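S.K.:
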Amino acid sequence: MNDTTSIKHQAPLTSGDFTAAEEPFALFADWFAEAVKSEPNDPNAMGLATVDADGLPDLRMVLMKGYDADGFVFYSHIASQKGRELATNPKAALLFHWKSLRRQVRIRGIVTPVTDDEADAYFATRPKQAQIGAWASKQSQPLESRFAFEQAIAKVAARYVISEVPRPPGWSGWRIAPLRIEFWHDRPFRLHDRIEFRRDTTDGAWSKVRMYP
Ligand SMILES: Cc1cc2nc3c(=O)[nH]c(=O)nc-3n(C[C@H](O)[C@H](O)[C@H](O)COP(=O)(O)O)c2cc1C
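For the sequence shown, our numbering gives the first residue as 806, with consecutive numbering after it.
#1: Just to confirm before moving on: does the CB-CB distance between residue 982 and residue 957 stay below 9 Å?
#2: Taking the beta carbon of residue 974 as the centre, do at least 16 other beta carbons fall within 10 Å, making it buried, or is it exposed?
#3: Less than 8 Å between the CB atoms is what I'm expecting for residue 908 and residue 989, so what's the real figure, rounded?
#4: Suppose you measure from the CA of residue 997 to the CA of residue 1017; what does that come to, to the nearest Å?
#5: Here's the rule I'm using: 16 or more other beta-carbon atoms within 10 Å means buried, otherwise exposed. How should residue 846 be labelled?
#6: Among residues of its own chain, excluding the 5 on either side of residue 1005, which ones have a beta-carbon nearer than 8 Å to its beta-carbon?
#7: What is the rounded straight-line gap between the Cα of residue 1011 and the Cα of residue 889?
#8: Less than 9 Å between the C-beta atoms of residue 897 and residue 910, yes or no?
#9: Who are the near neighbours of residue 860 in its chain, counting only those whose CB is closer than 7 Å to its CB and skipping five residues on each side?
#10: When you compare the stretch 919-937 with the stretch 839-856, are there three or more beta-carbon pairs, one atom per stretch, that lie closer than 8 Å?
#11: Starting from residue 989, trace the beta strand (DSSP E) both ways and give me its first and last residue.
#12: Does the separation of the CB atoms of residue 883 and residue 900 fall below 9 Å?
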């Protein structure tokens, strides 16, 4: 089952020749809606690439939890490896690969933290166990044993047996406002279709370029 019901997004366009699209967000909505129907799990999973202070790239999967004309949102721990890298260099790349559709969407842009209200609202939608886990995990720090983690979880769970779990201060979200969005669709014999939307500023107008595969 795809748990994407809580994702905030805009209405999709209907499919046609995607290379005729005039702007990227409606096309993304279109492709994402199709991925929700056809992917066996996590159609909202995306690779998130950041760079560390030495310029060494880093990459891991995260779940997209919202998108609109302002950008693509994910949530995590502020002190995690990715959180520290984004604090040093607030730029990132994202990659969706929907195998069932043979499609790829590649995004590069500028990263800003979401507001506290936005993070609180999303955190409140998470299952209680996941909320407890967010308090118990020191994400990206060495963990001595699984038992130590389970002890930490039990301690937090005891604290919130009756009451609601508030959002931990070290847990929040980020929004990637795109400067580039490339749509790639498999065609036979590796003669794939690629179009890239580009703009110089996050509030600028898009231009579109078709590219050799
Ligand atoms: C499909 C998938 C989705 C994931 N989604 C998230 C997510 O939304 N947030 C998160 O913090 N970690 C998520 N993870 C775990 C991350 O890939 C990563 O292990 C973790 O965030 C620590 O990364 P870091 O040490 O680079 O900060 C996900 C992993 C997978 C495989």
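Note that the Cβ used here is the ideal one computed from N, Cα and C, for glycine as well. Quick caveat: nothing in here was measured; it's all calculated off a predicted structure.
M.R.: Taking the coordinates as given:
#1: To locate residue 982, count along the sequence shown from 1; it is residue 177. To locate residue 957, count along the sequence shown from 1; it is residue 152. Cβ atoms of residue 982 and residue 957: not closer than 9 Å.
#2: As a first step, residue 974 is located in the sequence shown; it is residue number 169 there, counting from the start. Per the 10 Å Cβ criterion, exposed.
#3: To locate residue 908, count along the sequence shown from 1; it is residue 103. To locate residue 989, count along the sequence shown from 1; it is residue 184. Sure, about 7 Å apart at Cβ, within 8 Å.
#4: Within the sequence shown, residue 997 is the residue found at index 192, counting from 1. Within the sequence shown, residue 1017 is the residue found at index 212, counting from 1. About 8 Å.
#5: Position 41 of the sequence shown, counted from the start, is the residue given in the question as residue 846. Exposed, because fewer than 16 other Cβ atoms sit within 10 Å of the Cβ of residue 846.
#6: For this step, residue 1005 is matched to residue 200 along the sequence shown. Closer than 8 Å at the Cβ level, and outside the excluded window around residue 1005, lie 984.
#7: Translated into the one-based positions of the sequence shown, residue 1011 becomes position 206. Translated into the one-based positions of the sequence shown, residue 889 becomes position 84. Looking at the two C-alpha atoms, the distance is approximately 31 Å.
#8: Here residue 897 is taken as the residue at index 92 of the sequence shown, counted from 1. Here residue 910 is taken as the residue at index 105 of the sequence shown, counted from 1. No, the Cβ-Cβ distance between residue 897 and residue 910 is not below 9 Å.
#9: Working through the sequence shown from its first residue, we reach residue 860 at position 55. Correct list: empty, nothing qualifies.
#10: no
#11: Your numbering for residue 989 matches position 184 in the sequence shown. Start and end: 976-990.
#12: For this step, residue 883 is matched to residue 78 along the sequence shown. For this step, residue 900 is matched to residue 95 along the sequence shown. Result no, Cβ atoms of residue 883 and residue 900 do not sit closer than 9 Å.
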